[in-house]
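A.B. asks: Positions in the sequence shown are counted from 1; adding 1 to them yields the working numbering. Backbone N, C-alpha and C fix where the C-beta goes; we use that ideal spot for every residue, glycine too. Values in this document were obtained by computation on a predicted structure and should not be read as measured data.
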Amino acid sequence: MSTPEALARKRSRPLHFNDWLPEEFAERGAFTAVIVLVAINETAVTPLATSVATISDDETGWEEMAEMLTESGRAWDAVAFFAIEDGNGEPVDDAGARVHLAALSARIAADRLVLNEGHFFGRRGSRLAIEEVGLHSSISSSLGSVRSERRGYALAIES
Numbered sequence: 002m003s004t005p006e007a008l009a010r011k012r013s014r015p016l017h018f019n020d021w022l023p024e025e026f027a028e029r030g031a032f033t034a035v036i037v038l039v040a041i042n043e044t045a046v047t048p049l050a051t052s053v054a055t056i057s058d059d060e061t062g063w064e065e066m067a068e069m070l071t072e073s074g075r076a077w078d079a080v081a082f083f084a085i086e087d088g089n090g091e092p093v094d095d096a097g098a099r100v101h102l103a104a105l106s107a108r109i110a111a112d113r114l115v116l117n118e119g120h121f122f123g124r125r126g127s128r129l130a131i132e133e134v135g136l137h138s139s140i141s142s143s144l145g146s147v148r149s150e151r152r153g154y155a156l157a158i159e160s
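Structure, rendered in structure tokens:
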């Protein structure tokens, strides 16, 4: 998401699930959502479970959605929704949804920042964004020192 149009769209996205869903539904009509539950700790974002759902109205509020997500039995901290549709603007059939789900899961496994391409919300329904942070550690001994770099992630609540 680096084009000026994509950045403008990102800045104008609703900041809460209860505002996002009606807006998304008004724009698209019924659509398929790929849903990714994640756990978050200080520097890691870990995908826990994925699913797909057909969104056929804009009636579901955050409290109801959070309750359904909790019924998954996973200890989730955030959820990303990726709205997808077929070439005719209709919800995707089961086979197509599985293809999207597999491709998206592979992209997220390779780079957690992909979650920002969807609509990413925390436990209270507020929009989140992930930022990459560099983490390093140094180990020194009589043989010399070793420095390692690894990727970590920081979360920001968008406002």
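For H17, write down the residues that DSSP places opposite it in a beta bridge.
C.D. replies: The partner list for H17 (beta bridge, DSSP) reads S127.
A.B. asks: Would you kindly check if the distance between the Cβ of V80 and the Cβ of L38 is under 7 Å?
C.D. replies: Yes, these two residues count as a Cβ contact at 7 Å.
A.B. asks: With a threshold of 6 Å on Cβ separation, who are the neighbours of A40 within its own chain once the five nearest residues in sequence on each side are excluded?
C.D. replies: Only T47, L49 and D78 meet the Cβ criterion.
A.B. asks: With a floor of 3 residues, list each beta strand (DSSP E) that falls wholly inside the region 38 to 75, ordered by position along the chain.
C.D. replies: Counting only runs of 3 or more, we get 46 to 56.
A.B. asks: Around the C-beta of A34, are 16 or more other C-beta atoms found within 10 angstroms, so that it is buried, or is it exposed?
C.D. replies: With 16 or more Cβ atoms within 10 Å of its Cβ, A34 is classed as buried.
A.B. asks: Looking only at its chain, what residues have a beta carbon closer than 8 Å to the beta carbon of P15, apart from the 5 residues adjacent to it on each side?
C.D. replies: Correct list, in chain order: W21, E24 and R128.
A.B. asks: Start and end of the alpha helix (DSSP H) containing V93?
C.D. replies: First-last for V93: undefined, no H or E at that position.
A.B. asks: Got a sec, what are the start and stop residues for the beta strand (DSSP E) A84 sits in?
C.D. replies: Per DSSP, A84 belongs to the beta strand (DSSP E) from A79 to I85.
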